[in-house]
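For the sequence shown, full-length UniProt numbering assigns the number 1 to the initial residue and increments by one for each residue that follows.
We put the CB at the ideal spot given by N, CA and C, even for glycine.
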Amino acid sequence: MTNRRLLKYLLRDLPKGQRRWLFGGLLLALTTALSTLGLVAAAGWLITACALAGAAGGAVMTVEIFFPGALIRFFAVSRTVSRYLERLVVHEAVFRILGRLRQALFTQQMQRPFASLSGLRDGPLLTRLMVDVERLEHFHAGLLLPLSSFFTAVLLLALTAWIVSGATAAMVILLLGVGVLLLMIAFMVQHGRRDASLALAQARANTRLHDLLAAHRELQFADPSEQNLEQWLDQASSHRQEEKNLADGAARNDSRIQLLFSLGLVGLTLISTHSAHVQQQATALPWWVLVLLGLVALAGLATGLVPALRRWAMVRVAAHRLAPATRTSPSINSPMAAQGERHGPVAWQLEGVTLARGLSDRPVLDWVNLQLPAGERWSIVGDSGAGKSRLAALLVGALSPDGGRVLMDGEAMSHWPEAARFARVALLEQRSVILAGSLADNLRLGNPELDRDRMIRALQATGLSEAGLTPETRVGEMDRTLSGGEARRVALIRTVFCDTPTLILDEPFRGLDRGSIDKVSDWLVTETRGRGLILLDHRHHPALCPHGQLRLRNGGLERT
Numbered sequence: 001m002t003n004r005r006l007l008k009y010l011l012r013d014l015p016k017g018q019r020r021w022l023f024g025g026l027l028l029a030l031t032t033a034l035s036t037l038g039l040v041a042a043a044g045w046l047i048t049a050c051a052l053a054g055a056a057g058g059a060v061m062t063v064e065i066f067f068p069g070a071l072i073r074f075f076a077v078s079r080t081v082s083r084y085l086e087r088l089v090v091h092e093a094v095f096r097i098l099g100r101l102r103q104a105l106f107t108q109q110m111q112r113p114f115a116s117l118s119g120l121r122d123g124p125l126l127t128r129l130m131v132d133v134e135r136l137e138h139f140h141a142g143l144l145l146p147l148s149s150f151f152t153a154v155l156l157l158a159l160t161a162w163i164v165s166g167a168t169a170a171m172v173i174l175l176l177g178v179g180v181l182l183l184m185i186a187f188m189v190q191h192g193r194r195d196a197s198l199a200l201a202q203a204r205a206n207t208r209l210h211d212l213l214a215a216h217r218e219l220q221f222a223d224p225s226e227q228n229l230e231q232w233l234d235q236a237s238s239h240r241q242e243e244k245n246l247a248d249g250a251a252r253n254d255s256r257i258q259l260l261f262s263l264g265l266v267g268l269t270l271i272s273t274h275s276a277h278v279q280q281q282a283t284a285l286p287w288w289v290l291v292l293l294g295l296v297a298l299a300g301l302a303t304g305l306v307p308a309l310r311r312w313a314m315v316r317v318a319a320h321r322l323a324p325a326t327r328t329s330p331s332i333n334s335p336m337a338a339q340g341e342r343h344g345p346v347a348w349q350l351e352g353v354t355l356a357r358g359l360s361d362r363p364v365l366d367w368v369n370l371q372l373p374a375g376e377r378w379s380i381v382g383d384s385g386a387g388k389s390r391l392a393a394l395l396v397g398a399l400s401p402d403g404g405r406v407l408m409d410g411e412a413m414s415h416w417p418e419a420a421r422f423a424r425v426a427l428l429e430q431r432s433v434i435l436a437g438s439l440a441d442n443l444r445l446g447n448p449e450l451d452r453d454r455m456i457r458a459l460q461a462t463g464l465s466e467a468g469l470t471p472e473t474r475v476g477e478m479d480r481t482l483s484g485g486e487a488r489r490v491a492l493i494r495t496v497f498c499d500t501p502t503l504i505l506d507e508p509f510r511g512l513d514r515g516s517i518d519k520v521s522d523w524l525v526t527e528t529r530g531r532g533l534i535l536l537d538h539r540h541h542p543a544l545c546p547h548g549q550l551r552l553r554n555g556g557l558e559r560t
């Protein structure tokens with residue numbers, strides 16, 4: 001992504017719809033900066049004027065103290081109020097921008113295939129996406145507003161100096177601003193690529209660490225000397241050293257900026273002492289002091305600007321990965337999706353299917369041939385770790401067999417687009433995913449047209465209403481937290497309410513006590529009548545699966 005496209009994305013596309021908040025934050029940041037300059041300058045003017053009046057001895061000299069005093073109070077109050085409001089408005093703007101970005105990002109991710117989405121749950125990719133989103137926060141709050149405030153303050157102080165002290169003072173201030181800009185550009189040229197390389201290297205190191213942790217059992221045999229771990233530790237150490245070097249470089253450049261302001265302050269002081277206007281009229285001295293102290297306040301605004309520029313590398317890397325123009329995702333939709341509009345339960349056929357689990361483990365399925373007629377209801381029973389979840393993923397096409405073919409309604413699984421498969425088969429996974437929101441929001445994820453009365457009947461039948469849960473109950477970390485059994489029942493109700501002719505339920509009674517299992521089982525018998533059902537559990541449930549059971553063991557599916 002070119003710098004032009006990057007800035008276009010950050011300044012136009014990213015804050016789209018929130019520019020008023022961002023502009024308001026910018027105005028408040030400018031107000032804060034100008035109030036800081038005004039407070040220091042007005043106080044310096046008043047102190048100097050009073051000192052000159054005291055030094056005048058018996059001479060007659062009039063000093064206006066009420067208006068400068070009012071200015072000092074005004075700037076003190078406006079600085080405090082504007083800084084507080086700036087924090088509120090800027091944070092609101094950033095939260096709105098990032099909220100819109102997250103919504104757009106996850107809307108885009110929802111078009112990815114199910115297997116790809118499943119990989120986002122625990123893997124480093126989801127963490128990286130969230131870190132990238134958070135890094136973009138630094139652009140507006142940590143870069144755009146401080147830089148805009150500083151250079152605007154430079155221009156206004158130069159204008160003030162030109163009015164009260166002449167063109168020479170204004171030129172010095174403008175030259176200082178140009179010097180700061182040149183130092184920043186030099187820092188970016190010298191360290192920008194190193195910062196970006198470090199950000200990418202740290203991301204790769206995090207991915208490699210995840211891989212090492214995931215493969216730690218295999219590495220105990222393949223790498224007993226822990227060379228891979230030592231290599232990662234060496235890389236981490238070099239990254240820390242590079243981080244320290246870059247931070248030291250930023251601090252040195254920040255010191256150069258402060259030195260530049262100190263030299264400018266000395267230069268302006270010398271100019272003021274040799275100014276003919278000051279020598280001829282002592283009352284001009286307070287105005288020079290106003291400019292000098294304004295320059296001191298300006299130096300304070302410049303503090304930390306160069307270290308903040310280091311965030312640009314992280315922002316650039318994050319924007320490059322998140323910008324819609326540079327990200328494409330495979331879509332679950334295709335012209336064939338319309339063929340999935342078929343009604344009636346699904347029939348499966350397994351032809352010589354082999355499904356491996358690992359290089360050394362026994363396969364879940366080893367050359368299995370099986371037919372599951374449409375509309376029948378079967379239990380697939382197996383011990384923990386037997387591979388029931390992998391078998392469920394195989395039946396919905398989320399996993400491909402290592403050998404053989406899986407047919408759905410006589411067609412190879414690859415013939416069915418994912419949208420068509422999930423329009424016909426609803427899968428309850430072992431993980432019970434509950435989103436923050438109301439129970440009604442969670443239950444309507446699979447069926448937006450679900451009415452409230454049907455929800456209430458389901459909650460009553462499964463015993464959730466006894467726990468005080470209603471469709472309006474808000475659940476989540478900040479609201480009502482659900483127990484494992486409650487979350488399982490909510491996930492089960494949501495899956496059953498999906499308008500699909502066939503259901504695959506992977507351990508639907510997990511985490512439930514005996515009484516809850518009986519209630520849920522009775523409700524399932526009623527709600528799933530006329531639909532195909534594959535129930536994977538540790539034991540057979542004849543009331544739900546009258547056609548029989550299949551036992552998954554030793555790589556085979558045995559009818560019992």
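Thinking C-beta only, is residue j closer than 8 Å to residue i?
| i | j | result |
| --- | --- | --- |
| V315 | H191 | no |
| V520 | L492 | yes |
| P345 | A356 | no |
| A169 | V291 | yes |
| L28 | V89 | yes |
| F146 | L305 | Note on identity: in this sequence residue 146 is Pro, with Phe being the wrong assignment. Closer than 8 Å, so yes. |
| V353 | P401 | yes |
| W312 | L407 | no |
| L443 | F497 | yes |
| residue 567 | L136 | Summary: the structure shown does not reach residue 567, with the chain confined to residues 1 through 560, and so no result is reported for it. |
| A412 | R405 | yes |
| L459 | L469 | yes |
| L268 | V172 | yes |
Would DSSP call residue i helix, strand or coil?
| i | result |
| --- | --- |
| M171 | helix |
| I380 | strand |
| S197 | helix |
| T495 | helix |
| L6 | helix |
| R217 | helix |
| T462 | coil |
| D451 | coil |
| R474 | strand |
| A338 | In this prediction, A338 scores a pLDDT of 39, lower than 50, which makes its location untrustworthy; no coordinate-derived value is stated. |
| L105 | helix |
| T512 | Inspection of the sequence shows that residue 512 is occupied by Leu rather than by Thr. In this structure, L512 counts as coil in the three-state DSSP scheme. |
| D223 | coil |
| V368 | strand |
| Q190 | helix |
| L540 | It is His, not Leu, that sits at residue 540 in the sequence shown. Reduced to three states, the DSSP call for H540 is coil. |
| Q128 | At residue 128 the sequence reads Arg, which differs from the Gln that was named. The answer is helix: DSSP assigns R128 an H, G or I state. |
| T528 | coil |
| W416 | coil |
| V396 | coil |
| C545 | coil |
| S432 | coil |
| R327 | For R327, the predicted structure reports a pLDDT of 49, less than 50, and the residue's modelled location is therefore unreliable. The matter cannot be settled from this model. |
| A374 | coil |
| I65 | coil |
Terminal residues of the continuous beta strand (DSSP E) containing residue i?
| i | result |
| --- | --- |
| M478 | M478 -> no beta strand (DSSP E), and no H or E assigned at all. |
| L536 | G532 to D537 |
Could you spell out the range, first to last residue, of the alpha helix (DSSP H) harbouring residue i?
| i | result |
| --- | --- |
| D254 | Q227 to T273 |
| N442 | L439 to L443 |
| V306 | L305 to L309 |
| W162 | L145 to V164 |
| L117 | F114 to S118 |
Bridge partners for residue i per DSSP, in chain order?
| i | result |
| --- | --- |
| D518 | DSSP output for D518 lists no bridge partner at all. |
| R551 | V381 and E558 |
| G38 | Looking at the DSSP assignment, G38 forms no beta bridge with any residue, so it has no partner. |
| M408 | W348 and E411 |
| L503 | A426 and L533 |
| T354 | G403 |
Answer yes or no: the CB of residue i versus the heavy atoms of the ligand NAD, is any distance below 7 Å?
| i | result |
| --- | --- |
| S400 | The ligand NAD is absent from the structure shown, which contains no ligands of any kind. |
Meets three-Cβ-pair contact criterion under 8 Å: the region 527 to 542 and the region 498 to 515: They touch, by the three-pair rule.
How do the region 153 to 161 and the region 234 to 250 stand: do at least 3 beta-carbon pairs fall below 8 Å, yes or no? In short, these stretches do not touch, since the Cβ pair count stays below three.
Three or more C-beta pairs closer than 8 Å, one from the region 213 to 227 and one from the region 176 to 187: is that the case here? By the criterion of at least three beta-carbon pairs nearer than 8 Å, the region 213 to 227 is not in contact with the region 176 to 187.
Taking contact to mean 3 or more Cβ pairs, one atom from each stretch, closer than 8 Å, check whether the region 536 to 556 and the region 380 to 387 are in contact. By the C-beta criterion, the region 536 to 556 is judged to be in contact with the region 380 to 387, since at least 3 inter-stretch pairs fall below 8 Å.
Tell me whether the region 480 to 489 and the region 461 to 469 touch, counting them as touching only if at least three CB pairs, one residue from each stretch, are closer than 8 Å. The region 480 to 489 and the region 461 to 469 touch, with no fewer than 3 CB-CB distances between them shorter than 8 Å.
Inter-stretch contact at 8 Å, needing at least 3 Cβ pairs: the region 105 to 117 / the region 72 to 84: Taking a cut-off of 8 Å for Cβ pairs, the region 105 to 117 and the region 72 to 84 do not touch, as fewer than three such pairs fall below it.
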